[in-house]
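Q: The opening position of the sequence shown corresponds to residue 1 in this note's numbering, with each subsequent residue numbered one higher. First, the structure itself, so that you have it in front of you.
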Amino acid sequence: MRGSDERSEGLFSYVSCEARVPATHPLRAIRAIVDEALEVMSPAFEGLYSKIGRPSIPPEKLLRALLLQAFYSVRSERQLMEQLDYNLLFRWFVGLSMDAPVWDVTVFTKNRERLLAGDVAAKFLATVLGQPKVKALLSDEHFSVDGTLIEAWASVKSFRPKDGSGEPPGPGRNGERDFHGEKRSNETHASTSDPEARLYRKGNGQPAKLAFMGHALMENRNALVVDVRLTAATGLAEREAAVSMVEAIPGRHHITVGADKAYDTKDFVANMRELGAAPHVAQNTRNRRSAIDGRTTRHSGYAVSLRIRKRIEEVFGWIKGAGLRKTRHRGMARVGWMFTLTAAAYNLIRLPKLLAAA
């Protein structure tokens, strides 16, 4: 018998968001890890808020919402608030009831700035990695490092002389601007949209773009991110950030650090050895002599490091797919904060399966 196409609206609903989410949904295991980390961070949140005034958005709910934005590649905070209004799965993960009002997007972004000032993203990443069950998955001896470009939220047309000279783009929404014959460099020019972004070209034949440079340190056992940095896009940024991240590794025992050919320089190799790290760097022998010699390549672990090192590209691929191929924010502080939180989201996506296998 065919059913009738009639819409029936119930006056009351007795089903909660908890009942709507399947028991086997992947977000259930992720939320358990997130809630444990947020509980540890609760004392740190107290110092970010005043004891008087109106209650703000709880920082726990704010962080869960931002993690959802990374998990599902939601393009903007406005679309995130729209999803929270009708998506029961989003409401359950954040901690909103069926009839709880959704925050205004301006209020949401204003409250996010408070977390940025408290460096909450880096603390959240460290807290998740510090959980005993997660810490057991990490290697404390073998690491890999690499960097990637994060395109800035600024047009090349905004890259103008710092002294105010130069012709502006033509009229209209996307006015033309002729750069032929004009010498442009980061010393004499800056973006009017994002002054902290730098013009950088990845290689010969590649276009120059306004960008930042993101760096990640990955442990080699399960390819989890243990440290991230965001710097200005320069030719030395990758190696300088790598040295800084290796210095921050706790302990002074012997470790290995895998990297690609861009790190095959005498200075970087010497810095690694001074820090007690074996530089398992891919040899760059194109029209030059490699800084890596038989003292390193003769060990079987060298080939293993070069093979596992490539997994760090999976990290950058996921992070860029989560909304950081071209950042939606301006300024190194905001872009770096979101880069760190997105790296933490990458770890959270992988941890349930790793913990189940362990």
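From the three backbone atoms N, C-alpha and C, an ideal C-beta is built for every residue, glycine too.
What would DSSP say about I52, mapped onto helix, strand or coil?
A: Reduced to three states, the DSSP call for I52 is coil.
Q: Just the C-alpha distance for A154 and R28, rounded to the nearest angstrom, thanks.
A: If you take the alpha carbons of A154 and R28, they lie about 38 Å apart.
Q: Compare the C-beta of E196 with all C-beta atoms of chain B and state if any pair is closer than 9 Å.
A: Going by chain labels, chain B is absent from the structure shown, which holds only one protein chain.
Q: In the DSSP assignment, the beta strand (DSSP E) including E151 goes from what residue to what residue?
A: Start and end: 142-151.
Q: For the beta strand (DSSP E) that Y200 lies in, which residues bound it at each end?
A: Segment 198-201, the beta strand (DSSP E) holding Y200.
Q: If we ignore side chains and look at the alpha-carbon of each, how far apart do D227 and L217 end up?
A: About 5 Å.
Q: Let me make sure I understand the geometry here. Which of T256, L354, R160, A117 has the alpha-carbon closest to that of G47?
A: Taking only the C-alpha atoms, the option nearest G47 is A117.
Q: From what residue to what residue does the alpha helix (DSSP H) around R91 run?
A: Taken as a continuous stretch (DSSP letters only), the alpha helix (DSSP H) holding R91 covers 88-94.
Q: Given a threshold of 16 other Cβ atoms within 10 Å of its Cβ, counted over all protein chains shown, does A259 qualify as buried or as exposed?
A: When all chains shown are included, A259 counts as buried.
Q: Look at F212 and V120 and say whether their C-beta atoms are less than 9 Å apart.
A: Not in contact: F212 and V120 (Cβ atoms no closer than 9 Å).
Q: Straight-line CA distance for L275 to V145?
A: Between L275 and V145, the C-alpha separation is close to 15 Å.
Q: Need the endpoints of the beta strand (DSSP E) that A373 sits in, please.
A: Residue 373 is absent from the model: the chain starts at 1 and stops at 358.
Q: Please classify P279: is it buried, with 16 or more other beta-carbons within 10 angstroms of its beta-carbon, or exposed?
A: By the neighbour-count rule (16 or more Cβ atoms within 10 Å), P279 is buried.
Q: Please report the residue range of the alpha helix (DSSP H) in which P101 lies.
A: P101 -> no alpha helix (DSSP H), and no H or E assigned at all.
Q: Less than 9 Å between the beta carbons of F124 and L68, yes or no?
A: No.
Q: Decide yes or no for the touch test of the region 192-203 against the region 229-242: beta carbon pairs closer than 8 Å, at least 3 of them.
A: They touch, by the three-pair rule.
Q: Who are R229's beta bridge partners in DSSP?
A: BP columns for R229 point to H215.
Q: Three or more beta-carbon pairs under 8 Å between the region 324-331 and the region 163-179, yes or no?
A: The region 324-331 is not in contact with the region 163-179.
Q: What do you reckon, are the CB atoms on D264 and I292 nearer than 9 Å?
A: In contact: D264 and I292 (Cβ atoms closer than 9 Å).
Q: Measure the C-alpha to C-alpha separation of P250 and R289 and round it to an integer number of angstroms.
A: Near 33 Å, if we compare the C-alpha coordinates of R289 and P250.
Q: Using C-beta distances below 7 Å, list every residue in its chain close to A333, excluding the 5 sequence neighbours before and after it, in chain order.
A: So the qualifying residues of the chain are L116.
Q: Here's the rule I'm using: 16 or more other beta-carbon atoms within 10 Å means buried, otherwise exposed. How should G317 be labelled?
A: Classification for G317: exposed.
Q: From V269 to S244, what distance separates their C-alpha atoms?
A: The alpha-carbon atoms of V269 and S244 are separated by roughly 14 Å.
Q: Drop a sphere of 10 angstroms on the beta-carbon of S158, count the other beta-carbons inside from all chains shown, and report buried for 16 or more, exposed for fewer.
A: The residue in question, S158, is buried, as its Cβ has 16 or more Cβ neighbours within 10 Å.
Q: Going straight from the alpha carbon of D140 to that of I255, what length do you get?
A: If you take the alpha carbons of D140 and I255, they lie about 8 Å apart.
Q: Quick check on F316: does DSSP put it in helix, strand or coil?
A: Helix.
Q: Just to confirm the assignment, what range does the alpha helix (DSSP H) spanning T109 have?
A: Segment 105-117, the alpha helix (DSSP H) holding T109.
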